[in-house]
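Visitor: Quick note, the sequence shown lines up with residues -22 to -1, 1 to 289 if you use mature numbering (1 follows the signal peptide of the UniProt record, and there is no 0).
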Amino acid sequence: MVNRIRQGSLLLSAFFAVTVMGLDTDTYFPESKGNLTKITWAHAVNNASYLNETLQNATINMIEADVVLGTVGKDKTVIPIMAHPPDITSDLSLETFLELVNTSNIVNNTKHGIKLDFKSTDAFLNSTAFIKKYENESFPIWLNADILEGPNTNATPVNDTQFFAAAKDFKTATLSVGWTTGYNETNNTGSYSDDQISNMLNSIKTNNVSDLSFTFPVRAVYAANSTANLTTLLEGVSGSTLTIWSGEDDKVNVTNLRSLLEKVKLGKTYIDVPEALLNEIHLDTISSASLSSLSWVTMGVMLLFTFIFRL
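1) What residue ranges within the stretch 190 to 267 form continuous alpha helix (DSSP H) runs of no fewer than 4 residues, ordered along the chain?
2) Below 8 angstroms on the Cβ atoms is my contact criterion, and I expect Phe141 with Ala123 to pass it. Report the Cβ-Cβ distance as a whole number of Å.
3) Just reading off the alpha helix (DSSP H) that Phe142 is part of, what are its end residues?
4) Among Ser71, Ser105, Pro8, whose alpha-carbon lies nearest the alpha-carbon of Ser27?
5) Grouping DSSP H, G and I as helix and E and B as strand, with all else coil, what is Asp53?
6) Could you tell me which residues DSSP pairs with Phe102 in its beta bridges?
7) Take the Cβ of Leu239 as the centre, count every other Cβ of all protein chains shown within 10 Å, and call the residue buried at 16 or more, exposed below.
8) Do the CB positions of Ser169 and Ser224 come within less than 8 angstroms of each other?
9) Can you tell me whether Ser191 is buried or exposed? The criterion is at least 16 other CB atoms within 10 Å of its CB, across all chains shown.
10) With distance defined between alpha-carbon atoms, name the residue in Leu208, Thr5, Ile175, Pro252 nearest to Phe117.
11) Alpha carbon to alpha carbon, how far is Asn86 from Glu115?
12) Tell me whether the beta-carbon of Ala202 lies closer than 8 angstroms to the beta-carbon of Asn162.
13) Are the beta-carbon atoms of Lys146 and Val187 separated by less than 8 angstroms?
14) Have a look at Glu9 and Asp228 and give me their C-alpha separation to the nearest angstrom.
So this is what it looks like as structure tokens:
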């Protein structure tokens, strides 16, 4: 009986280890638990004044910023900086960005997570040492990169093998990995194809990173036409979520997008789209239908006792 209890305890620990994986953001922002669309965003926070403004805004949860290799001020040393291509200069380095966010969260008792969008393989590889210093801090860190070629583009993605090789060291970060995309208003009926989904699943498996936390950023205009394939993607990566984003001028099929949200549920979907599109979606009429943390605890306890007392 003692051995059975010990085995059951180990099973329960494993259950919670899997369950907690990928919940960093909604644990840090408990108001979003069961409905990830409640997470709010600030975009392209790539200069010092905008970062300072954002850190003082308690209504913002996640700070998205772009990382490239470039220079700060008159210093000609090439380092990771906060900027969006084609810019290669900034008044804010990645190192300073991280310091300011961490200090604000501690000293000012604010709560901000970060999503770092790496625009090249070299930008990511040269940033890991700076990010590693903050891996054990309490705020969510997302590492974002387009690692595969996607709909309507031939843009060069970040190298998936190199990205995952370095990302393996970040056990508490969320890996936000997606596809490069292009957009043409006359050709807006594309989708995430079978091959593109298969390539993502194969990349995660081949690089042995299935145990990490994943969200998949998908462009709304194509995600709206990809419900079946995106469902397959989520089913293929335990604990994963979608992050739906959109270009300002993208012509999105809102009816199809709502169908995707109704299928996947709001408890598995972050929404980061322009306000006009957000208003069209009417999130308040879509069920979150996500298990609460209490439900997971209940399931875990039931699993333990079933294991101990089964015949």
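The C-beta atom is built at its ideal place from N, Cα and C for all residues, glycine as well.
Guide: Well, looking at it:
1) 198 to 201, 205 to 214, 232 to 242, 253 to 259
2) 6 angstroms
3) 138 to 145
4) Ser71
5) coil
6) Looking at the DSSP assignment, Phe102 forms no beta bridge with any residue, so it has no partner.
7) buried
8) no
9) buried
10) Thr5
11) 15 angstroms
12) no
13) yes
14) 30 angstroms
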